[in-house]
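Participant: I am attaching a structure below and will ask some questions about it afterwards.
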Amino acid sequence: MDLRHLRYFLAVAEEGHFGRAAERLHIVQPALSMQIRALEDELGTALFERSTRKVALTDAGRLLVTEARHTLEQAERAKSVVQRAARGETGVVRIGFVGNAVATGRLSDDLIAFHAAWPEVTLDLHEMAPAAQQDAILAGRLDIGYCPAFDTAFDPKLAVRTVGSWAWDVMMSDRHALAKQRSVSVAALADEPFIFYAADGDDEGQLAILRRVLGKTPRIAHKVSSTLSVLALTGAGLGVALVPSPLSRIAAPNIVYRKLAGGVPGSELVAISRVGAEWGTVRQYLAMLGERAA
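Its first residue numbered 458, the sequence shown is counted upward by one per residue in our numbering.
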């Protein structure tokens, strides 16, 4: 059933006159009469009792008035919902992230800014390893990911935006000999055992970062998959760890942080998304990231 036919039908029903209804609809009366006839033929029943002076609704016509109004109202609601979603005013943004995105404060700051601008958009968060984020985005299960910037190239189907960059700190036990210094050189870490954090088997990406900073592959004493494990092993004096400087706000027993000296490459956080998928809520989120980076 054509929505236009229902609009024409309601105009005649409300005006009680084909001529006035045609004027209201800005069409000629013969065309309106033809459209009403087509609707009646489709439904298999008369909707109006016609006379030279006026038209009156039949029993079937009176029933259709209620249904037509409901149908047209529902159609307008559907149109509004779709248009608002297209503008990014409603819907959902599915976001993957690594722990550093939270610990540095960048993710929460972005969420605050986005929610203030688009309060009706749902933010669906998933803590995921970088490799899993990339796979989920390419498969359409995730919209945006926050992950470290690796030396290895990202898939060319992904758009990559730098959203944060920080200096490195060295996390160590407060009993470590280097804890007496205000800063630590890369050379001083040459023979140190490292606590290696790699969630969900994402070893190569994390190792690439350490090699870039240290200039060599570090001696891995323990491989862990949680931040708490890093804190526990480091506090016990079983190794040191490199962390972005904002993470030094995390206070834990027996732990100290010292600046990594020597002008080494910093820790970078990037936001990734699928090229060409910038629609609706995702477009608005990416625009917010661009504004915050400017």
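Backbone N, C-alpha and C fix where the C-beta goes; we use that ideal spot for every residue, glycine too. Quick caveat, the model's predicted, so the values are computed rather than measured.
Go through the region 464 to 550 residue by residue and report every complete run of the beta strand (DSSP E) that reaches 3 residues or more, in order.
Facilitator: You should have 505 to 507 and 512 to 514.
Participant: Pop quiz: A468 and V522 are said to be a contact at Cβ under 8 angstroms. What is the actual Cβ separation, rounded to whole angstroms?
Facilitator: With a Cβ gap of about 11 angstroms, A468 and V522 do not count as contacting.
Participant: When the Cα atoms are used, what is the spatial distance from V643 to L671?
Facilitator: Roughly 6 angstroms between the two C-alpha positions.
Participant: If you scan the region 610 to 664 from start to end, which runs of the beta strand (DSSP E) of 3 or more residues do you find wholly inside it?
Facilitator: 615 to 623, 625 to 630 and 650 to 654, all fully within the region 610 to 664.
Participant: With burial defined as no fewer than 16 other Cβ atoms inside 10 Å of the residue's Cβ, what is the status of S683: buried or exposed?
Facilitator: So S683 ends up on the exposed side.
Participant: Nearest by alpha-carbon distance to R618: which of W736, S730, Q663 and Q486 is it?
Facilitator: Checking every option, the nearest Cα to that of R618 belongs to S730.
Participant: For M458, count neighbouring Cβ atoms within 10 angstroms of its own Cβ and tell me buried if that reaches 16, exposed if not.
Facilitator: Label assigned to M458: exposed.
Participant: Can you grab the Cα-Cα spacing for the pair L460 / R534, in whole Å?
Facilitator: Each residue's Cα considered, the two are about 14 angstroms apart.
Participant: List the DSSP bridge partners of E725.
Facilitator: DSSP lists S622 as partners of E725.
Participant: Have a look at N557 and L667 and give me their C-alpha separation to the nearest angstrom.
Facilitator: Answer to the nearest angstrom: the Cα atoms are 15 angstroms apart.
Participant: So the alpha helix (DSSP H) V697 belongs to, where does it begin and stop?
Facilitator: Here V697 belongs to no alpha helix (DSSP H), and DSSP marks it neither H nor E.
Participant: Quickly, what does DSSP pair H679 with across the bridge? List them, please.
Facilitator: H679 pairs with I652.
Participant: Going by DSSP, what residue range makes up the alpha helix (DSSP H) through V687?
Facilitator: Segment T684 to G692, the alpha helix (DSSP H) holding V687.
Participant: Drop a sphere of 10 angstroms on the beta-carbon of Q531, count the other beta-carbons inside from all chains shown, and report buried for 16 or more, exposed for fewer.
Facilitator: Exposed is the call here.
Participant: Report yes if the CB atom of L746 is closer than 9 angstroms to the CB atom of A734, and no otherwise.
Facilitator: Result no, Cβ atoms of L746 and A734 do not sit closer than 9 angstroms.
Participant: What did DSSP end up calling R731 once you bin it into helix, strand or coil?
Facilitator: Strand at R731.
Participant: Taking 9 angstroms as the threshold (beta carbon to beta carbon), is L664 in contact with chain C?
Facilitator: Although the question refers to chain C, the structure presented lacks it and comprises just one protein chain.
Participant: Decide yes or no for the touch test of the region 616 to 630 against the region 570 to 581: beta carbon pairs closer than 8 angstroms, at least 3 of them.
Facilitator: With the cut-off at 8 angstroms, the region 616 to 630 and the region 570 to 581 do not touch.
Participant: How big is the Cα-Cα spacing for Q591 and R551?
Facilitator: Spanning the two alpha carbons is a distance of roughly 13 angstroms.
Participant: Give the straight-line distance between the Cα atoms of R494 and K536, rounded to the nearest whole angstrom.
Facilitator: About 27 angstroms.
Participant: Measuring alpha carbon to alpha carbon, tell me which of I601, E725 and V641 ends up nearest V697.
Facilitator: V697 has its Cα closest to that of V641, out of I601, E725 and V641.
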